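K.L.:
Below is a structure I'd like to ask you about.
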Amino acid sequence: MKRIGVVIAMQAEARCLARQHFQLHQPIVIREKLMVTLCGMGAQAARRAAAELADQHGVVALISFGVAGALNARLHSGDLVVPASVIADQIYPADSRLRATFLHHLSGEMNVIEGVLAASQRVLTSEQEKLALATKTGACAVDMESGAIAMVAEDKNIPFIAVRAITDPVQYSPPAVLLSALHADGGVKPLSLLALLIRRQVYLAELLRLGRGMRAASVTLKTASRRIEALLD
């Protein structure tokens, strides 16, 4: 059976596809036509997961699914980015047929942006960093995994698209220190987070704002996830 491979970094993103707990690096089949791998955050983990889906499981396409940060002030939390290309070490075009089919099935359900998605090796933690990357690349949004997944798709000669919902607008970014309180799959380390709050390295208002952005992105991803299987109709 032909299946699409979906690479996801975080548990919160994966739950937008299926209400279950995903194990890191253990591909599973959901909804018959979708094989999903929870890879953890970062390009290296995403590259490994995408290659495994292509080489060992024979998926016919790869999708980078999850959240992204805005590089453009016109983008807001909950907007959906379905880029025409991803820019990393080079420009990787998304598959035009898959994109067109996916966008057709969305048919105005949400605000969809079709610009360029930039790859970053780390989380951008300031507006200045975001604007600098936007100037350098012309991208409207950024994530850490899509570039690596697109690279694997090109190497394996299979189609690729990215489906990314905006969490943080360009004016706000998660503080860098917060990453020390997260597991590889985005899960929270409660004691580490509490320590950051006590030391005032992270503030409750920041966490609440980040939570609102993630909730908005999750609503968008849940809607988008229902349209992915249409790509294999």
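In this note's numbering, the protein residues as written are 80 to 312.
By construction, the Cβ of each residue, glycine as well, lies at the ideal position given by its N, Cα and C atoms.
Being a predicted model, the structure only gives us computed values, none of them experimental.
(1) May I ask you to list the residues that DSSP assigns as paired with D222?
(2) Rank L159, R288, V267, Y282 by C-alpha distance to the C-alpha of A296 and give the top, closest one.
(3) Contact defined as beta carbons within less than 8 Å: I believe I109 pairs with R178. What is the distance between those atoms, to the nearest angstrom?
(4) Are there three or more Cβ pairs, one per stretch, closer than 8 Å when the region 239-257 is compared with the region 275-288?
(5) Is the CB-CB distance between L212 and V221 below 8 Å?
(6) Taking the runs of the alpha helix (DSSP H) that are 4 residues or longer, which of them lie wholly in the region 103-163?
(7) Whether or not the region 164-173 and the region 131-141 are in contact is what I'm after, with contact meaning three or more pairs of Cβ atoms, one per stretch, closer than 8 Å; do they touch?
(8) Among D247, L185, L196, whose alpha-carbon lies nearest the alpha-carbon of T204?
(9) First and last residue of the beta strand (DSSP E) that includes I237?
(10) Could you check the C-alpha separation between I245 and A284 for me, to the nearest Å?
(11) Tell whether a beta-carbon distance below 8 Å holds between V249 and A163.
(12) Name the two residues that bound the continuous beta strand (DSSP E) containing P172.
(13) May I have the straight-line CA-CA distance separating A229 from A173, to the nearest angstrom?
P.N.:
A quick look at the data gives this:
(1) As a working mapping, residue 222 is identified with position 143 in the sequence shown. Partner(s): A198.
(2) Position 217 of the sequence shown, counting from 1, holds the residue named residue 296. Ranking the options by Cα distance to A296, first place goes to L159.
(3) Position 30 of the sequence shown, counted from the first residue, corresponds to residue 109. Position 99 of the sequence shown, counted from the first residue, corresponds to residue 178. Rounded, the Cβ-Cβ distance is 22 Å, inconsistent with contact.
(4) yes
(5) To locate residue 212, count along the sequence shown from 1; it is residue 133. To locate residue 221, count along the sequence shown from 1; it is residue 142. Against a cut-off of 8 Å, the Cβ pair of V221 and L212 comes out as a contact.
(6) 122-136
(7) no
(8) As a working note, residue 204 is residue 125 in the sequence shown. When each option's Cα is compared against that of T204, the closest is D247.
(9) In the sequence shown, the residue the question calls residue 237 occupies position 158. Here I237 belongs to no beta strand (DSSP E), and DSSP marks it neither H nor E.
(10) Looking up residue 245 in the sequence shown gives position 166. Looking up residue 284 in the sequence shown gives position 205. CA-to-CA, the gap between I245 and A284 works out to about 19 Å.
(11) The sequence position of residue 249 within the sequence shown is 170, counting from 1. The sequence position of residue 163 within the sequence shown is 84, counting from 1. Against a cut-off of 8 Å, the Cβ pair of A163 and V249 comes out as no contact.
(12) For the purposes of this step, residue 172 is taken as residue 93 along the sequence shown, with counting starting at 1. Note, P172: beta strand (DSSP E), 170-172.
(13) By one-based count along the sequence shown, residue 229 stands at place 150. By one-based count along the sequence shown, residue 173 stands at place 94. Approximately 8 Å, taken between the alpha carbons.
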